[in-house]
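Trainee:
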Amino acid sequence: MFNKILVPLDGSELAEQALPPALTIAQKTSELILLNAPMISPALTSMVYTYDVPNLDISIEHLRAQAERYLSLQKAELKREGLVIRTEVVPGDAASIIIDTAIAEDVDLIVMSTHGYTGLDHLVMGSVTERVLRQAPCPVLVVRDSRPIERILITLDGSELAESAVEPGLEMAKRFAAEVTLLRAKEPRTQPTYRMITELESIE
59 MFNKILVPLD
69 GSELAEQALP
79 PALTIAQKTS
89 ELILLNAPMI
99 SPALTSMVYT
109 YDVPNLDISI
119 EHLRAQAERY
129 LSLQKAELKR
139 EGLVIRTEVV
149 PGDAASIIID
159 TAIAEDVDLI
169 VMSTHGYTGL
179 DHLVMGSVTE
189 RVLRQAPCPV
199 LVVRDSRPIE
209 RILITLDGSE
219 LAESAVEPGL
229 EMAKRFAAEV
239 TLLRAKEPRT
249 QPTYRMITEL
259 ESIE
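So for the sequence shown, my numbering puts the first residue at 59; every next one is plus one.
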């Protein structure tokens, strides 16, 4: 089922925590795509091509070269018999690049980490994971830390959309030898009124 897996990396140890589960999920015939999207603002790129500023051009190429070296090292460390590993460096907005690459490559799964930011940092960085979760064309496994995946919760609400998570969830459980819990969440037919809430609060 997961024949092509995309793993976005930004050079941090936290992002690399997505690699072990990605390798666990990957079969011998799977293809692993390591993606790095150096953050280069559109304004900077525009200045390079509009005004032909050599120093800016060099800085962009330097970032690209650094990313390519980094991914080459990761590829060498992950080499495994039968597993095809490709690297991609695409400068730009990280979330957009991840989503566009997933669509263009027709990937079956994205495995990525989340930085767990809050406040302003979340608005700037954490939103990458959030955007990918909302807009990705395939299942997304978000890794928060290096703990082994031993239990998987699949939530259902009776809709076909919710049920579409069952097959990939069970497939992941098989790869991780994890325990699966199916949870049916059902909203109450009537919303609690102010009077009901007041009465409940008075019961002490």
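Backbone N, C-alpha and C define an ideal beta-carbon position, used for all residues, glycine too.
Note that the coordinates shown come from a computational prediction; the quantities given were computed from them, not determined experimentally.
#1: Using only CA atoms, which one of D151, R242, A160 lies nearest to P197?
#2: Is the Cβ-Cβ distance between V147 and A95 less than 9 Å?
#3: Does the distance from the C-beta atom of K133 to that of L191 stay below 9 Å?
#4: Can you name, in chain order, every residue of its own chain whose Cβ lies under 6 Å from the Cβ of A73, other than the five neighbours on each side?
#5: Rounding to the nearest angstrom, what Cα-Cα distance links Y128 and I63 in this structure?
#6: Around the C-beta of A235, are 16 or more other C-beta atoms found within 10 angstroms, so that it is buried, or is it exposed?
#7: Which same chain residues, not among the five before or five after V186, have their C-beta less than 7 Å away from its C-beta?
#8: Spatial neighbours of R242 within its chain, please: C-beta separation below 6 Å, excluding the five flanking residues on both sides.
#9: Confirm, please, whether the CB-CB distance from Q75 to V201 is below 9 Å.
#10: How is the alpha helix (DSSP H) around L232 delimited, first residue to last?
#11: Pick out whichever of E229, L240, T239, K244 has its Cα sitting closest to the Cα of D166.
#12: Starting from V201, follow the beta strand (DSSP E) in both directions and report where the run begins and ends.
#13: Name, in chain order, the residues that DSSP records as bridge partners for T213.
Mentor: Taking the structure as given:
#1: In the sequence shown, counting from the first residue as 1, residue 197 sits at position 139. That would be A160, whose Cα lies nearest to the Cα of P197.
#2: Translated into the one-based positions of the sequence shown, residue 147 becomes position 89. Translated into the one-based positions of the sequence shown, residue 95 becomes position 37. In this structure, A95 lies closer than 9 Å to V147 by Cβ.
#3: As a first step, residue 133 is located in the sequence shown; it is residue number 75 there, counting from the start. As a first step, residue 191 is located in the sequence shown; it is residue number 133 there, counting from the start. Not a contact, by the Cβ cut-off of 9 Å.
#4: As a first step, residue 73 must be located in the sequence shown, where it is residue number 15. Here the set comprises L67, S171.
#5: Counting from 1 along the sequence shown, the entry for residue 128 is found at position 70. Counting from 1 along the sequence shown, the entry for residue 63 is found at position 5. Using only the alpha carbons, I get a separation of about 19 Å.
#6: Position 177 of the sequence shown, counting from 1, holds the residue named residue 235. That one is exposed.
#7: Numbered from 1 along the sequence shown, position 128 holds the residue referred to as residue 186. Here the set comprises A152, A153.
#8: Numbered from its first residue, the sequence shown carries residue 242 at position 184. Result list for R242: L214, in chain order.
#9: Position 143 of the sequence shown, counting from 1, holds the residue named residue 201. Position 17 of the sequence shown, counting from 1, holds the residue named residue 75. Contact flag set, yes.
#10: Residue mapping note: residue 232 aligns to position 174 of the sequence shown, counting from 1. The sequence given here places Lys at residue 232; Leu does not occur at that position. Note, K232: alpha helix (DSSP H), 224–234.
#11: As a position in the sequence shown, residue 166 is number 108, starting the count at 1. Looking at the Cα atoms, E229 is the closest of the given residues.
#12: Translated into positions along the sequence shown, residue 201 becomes position 143. Residues 198–201.
#13: Taking the first residue of the sequence shown as position 1, residue 213 is located at position 155. BP columns for T213 point to L241.
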